[in-house]
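>
In the UniProt record's numbering, the protein residues as written are 1 to 358.
What follows is the structure, given as structure tokens:
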């Protein structure tokens, strides 16, 4: 007679499910206002699993400005599996509508996008996509987190995260999360989660559950610090342009106020000069670490053209605005005055004879 309690609870094998992962998935589902959530070994693993919902010959529309790893997978891997991928500026609804074909089965959007921080009207995109039968709308909500934005309530079919970033928030976990409401979609993704086997360890699930407990506090501080940094950079004559959704100068600022309850700590800006000045600035930062990740308690800086988006062709980078003078900052939880001092001394090192006009 079978008496193993774990077996009857659905935990007969840890890859298929375990109590720690189950607790995390239920917590994230609650944050997203979703019926279901599934955890994966990384954000990339979640992306691959979602792509496995499709078959050879199906087409994907992907936001033109996306995380470099997503671009690399769709461009170099998914295409070899027989999936057609078209990169489109989804800030323009007419471009999205025009790109949809009878073969289109999935639309992939990041909002805000990486690294150019474009903000997409999720509800309007959902209206366009769902006029057509059997197209899945995926929103990568990594930057906003479940605290500032809930894509499922705006019409998305799938909300996904690289939980490595804000959802965990401590830079000690690599993980992906996928939230859905549709029973049929959940059953397919649940099967793929187990069949592919790209699942997080119970300990990583414990760490991410720990991180969620401070999500609301962390996101508020990220926003406050980032707004102060963005305002400082926008007023500095050594900076050409600042892109931050929380600034009135951002082209989708009014949409952000309607769609989101705040902004993450991500800032992109163009430094004046050339690559030489951008590199000098990055080399002289002291409090900011030079690293590709984001969304943790520590502040990070990186050069997208050389680092996160090196896999994107120069032609495509130039078209997107990812130039040699573009710098991306992930603003952490440090004291904002310390952050401003560090940025100022690094700018002085990059422009040793420059007269600052604020």
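Yeah, the Cβ is synthetic: ideal placement off N, Cα and C, and Gly gets one too.
Predicted model, so just to flag it, every value in this text is computed and none were measured.
Whole angstroms is fine: what's the gap from residue 51's alpha carbon to residue 163's?
Within the chain shown, numbered from 1, the residue matching residue 51 stands at position 51. Within the chain shown, numbered from 1, the residue matching residue 163 stands at position 163. Roughly 18 Å between the two C-alpha positions.
> DSSP three-state label for residue 30, please.
In the chain shown, residue 30 corresponds to position 30, counting from 1. Of the three classes helix, strand and coil, the one that applies to residue 30 here is helix, per DSSP.
> Identify which residue in 323, 87, 75 and 169 has its Cα closest to the Cα of residue 274.
For the purposes of this step, residue 274 is taken as the residue at position 274 of the chain shown. With distances taken between Cα atoms, residue 274 lies closest to 323.
> Using C-beta distances below 7 Å, list every residue in its chain close to residue 57, excluding the 5 sequence neighbours before and after it, in chain order.
Position 57 of the chain shown, counting from 1, holds the residue named residue 57. Excluding sequence neighbours, residue 57 sits near 82 and 103.
> Quick one: what's got a C-beta closer than 6 Å to residue 143's C-beta in the same chain, skipping five residues either side?
What you label residue 143 is simply residue 143 of the chain shown in a count that begins at 1. Contacts found: 112, 264 and 266.
> Out of 272, 117 and 250, state which residue places its alpha-carbon closest to the alpha-carbon of residue 239.
Working through the chain shown from its first residue, we reach residue 239 at position 239. Nearest option by C-alpha distance: 272.
> Which complete alpha helix (DSSP H) runs does the stretch 193-245 hold, if anything under 4 residues is left out?
For the stretch 193-245, whole alpha helix (DSSP H) runs of length 4 or above, ordered along the chain, are 202-212 and 215-234.
> Determine whether the beta carbon atoms of residue 49 and residue 205 lie at a separation below 8 Å.
Within the chain shown, numbered from 1, the residue matching residue 49 stands at position 49. Within the chain shown, numbered from 1, the residue matching residue 205 stands at position 205. Going by C-beta atoms, residue 49 is not nearer than 8 Å to residue 205.
> Tell me the DSSP secondary structure of residue 166 in three-state form.
By one-based count along the chain shown, residue 166 stands at place 166. Coil, per DSSP.
> Would you mind sorting residue 203 into buried or exposed? The rule is 16 or more other CB atoms within 10 Å of its CB.
As a working mapping, residue 203 is identified with position 203 in the chain shown. That one is exposed.
> Is residue 83 helix, strand or coil when you go by DSSP?
Mapped onto the chain shown, residue 83 falls at position 83. Coil, per DSSP.
> Tell me which same chain residues have a C-beta within less than 7 Å of the C-beta of residue 269, skipping the five on either side of it?
Position 269 of the chain shown holds residue 269. If we look at residue 269 and ignore the five residues flanking it on each side, its Cβ neighbours are 233, 239, 241, 242, 243 and 327.
> Report the rounded CA-to-CA distance for residue 97 versus residue 116, giving the unit in angstroms.
The residue given as residue 97 occupies position 97 in the chain shown. The residue given as residue 116 occupies position 116 in the chain shown. Cα-Cα distance, rounded: 22 Å.
> Check whether the stretch 327-344 and the stretch 188-198 are in contact - that is, three or more C-beta pairs closer than 8 Å.
The stretch 327-344 vs the stretch 188-198: no contact.
> With distances taken between CB atoms, is the gap from residue 101 to residue 169 smaller than 8 Å?
As a working mapping, residue 101 is identified with position 101 in the chain shown. As a working mapping, residue 169 is identified with position 169 in the chain shown. Not in contact: residue 101 and residue 169 (Cβ atoms no closer than 8 Å).
> Between residue 258 and residue 63, what straight-line distance do the alpha-carbon atoms span, to the nearest angstrom?
Start at 1 with the first residue of the chain shown, and residue 258 comes out as number 258. Start at 1 with the first residue of the chain shown, and residue 63 comes out as number 63. Straight-line Cα distance between these residues: approximately 21 Å.
> Taking DSSP's pairing of strands, which residues face residue 326 in a bridge?
Position 326 of the chain shown, counting from 1, holds the residue named residue 326. DSSP, once it has assigned bridges, lists 270 as partnering residue 326.
> Assuming residue 281 and residue 300 make a contact with CB atoms under 8 Å, what is their CB distance in whole Å?
Against the chain shown, residue 281 aligns to sequence position 281. Against the chain shown, residue 300 aligns to sequence position 300. Incorrect: roughly 14 Å between the Cβ atoms, too far for contact.
> List, from N- to C-terminal side, the beta strand (DSSP E) runs of 3 residues or more that fit wholly inside the stretch 90-156.
Runs found: 104-110 and 136-140.
> Just grab the DSSP bridge partners of residue 61 for me.
To locate residue 61, count along the chain shown from 1; it is residue 61. Looking at the DSSP assignment, residue 61 forms a beta bridge with 86 and 107.
> Between which two residues does the beta strand (DSSP E) carrying residue 179 extend?
The sequence position of residue 179 within the chain shown is 179, counting from 1. From DSSP, the beta strand (DSSP E) with residue 179 extends over 176-180.
> Starting from the C-beta of residue 42, find all residues in its chain whose C-beta is less than 6 Å away, skip the five residues before and the five after it, and write them out in chain order.
Indexing the chain shown from 1 puts residue 42 at position 42. These residues qualify, in order along the chain: 174 and 176.
> For the beta strand (DSSP E) that contains residue 340, what are its first and last residues?
For the purposes of this step, residue 340 is taken as residue 340 along the chain shown, with counting starting at 1. That residue, residue 340, is in no beta strand (DSSP E); its alpha helix (DSSP H) goes 336-350.
> In chain order, what residues of the same chain lie with their CB nearer than 6 Å to the CB of residue 1, ignoring the 5 residues before and after it?
Counting from one through the chain shown, the residue named residue 1 turns up at place 1. For residue 1, the predicted model reports a pLDDT of 49, less than 50, meaning its position is unreliable and no value from the coordinates is stated.
> Would you identify the three-state DSSP class for residue 40, choosing helix, strand or coil?
Counted from its first residue, the chain shown places residue 40 at position 40. Correct three-state label for residue 40: strand.
> Under a Cβ-count criterion, where at least 16 other Cβ atoms within 10 Å of its own Cβ denotes burial, should residue 39 be classed as buried or exposed?
Mapped onto the chain shown, residue 39 falls at position 39. The residue is buried, with at least 16 neighbouring Cβ atoms inside 10 Å.
> Please report whether the beta-carbon of residue 55 lies at a distance below 8 Å from any beta-carbon of chain D.
Among the protein chains of the structure shown there is no chain D, as only one such chain exists.
> Between the stretch 116-133 and the stretch 249-256, are three or more C-beta pairs nearer than 8 Å?
Contact holds: three or more Cβ-Cβ distances are below 8 Å.
> Helix or strand or just coil, what does DSSP make of residue 291?
Within the chain shown, numbered from 1, the residue matching residue 291 stands at position 291. Coil, per DSSP.
> So who's on the other strand from residue 307, going by DSSP bridges?
As a position in the chain shown, residue 307 is number 307, starting the count at 1. DSSP lists no partner for residue 307.
> List the whole-angstrom C-beta distance separating residue 37 from residue 179, where the pair is believed to meet the contact cut-off of C-beta under 8 Å.
In the chain shown, the residue the question calls residue 37 occupies position 37. In the chain shown, the residue the question calls residue 179 occupies position 179. The Cβ separation is near 5 Å, so the contact holds.
> Could you tell me the distance, in whole angstroms, from the CA atom of residue 87 to the CA atom of residue 261?
Within the chain shown, residue 87 is the residue found at index 87, counting from 1. Within the chain shown, residue 261 is the residue found at index 261, counting from 1. Each residue's Cα considered, the two are about 28 Å apart.
> What does DSSP give as the partner residues of residue 189 in its beta bridges?
As a position in the chain shown, residue 189 is number 189, starting the count at 1. Beta-bridge pairing links residue 189 to no other residue.
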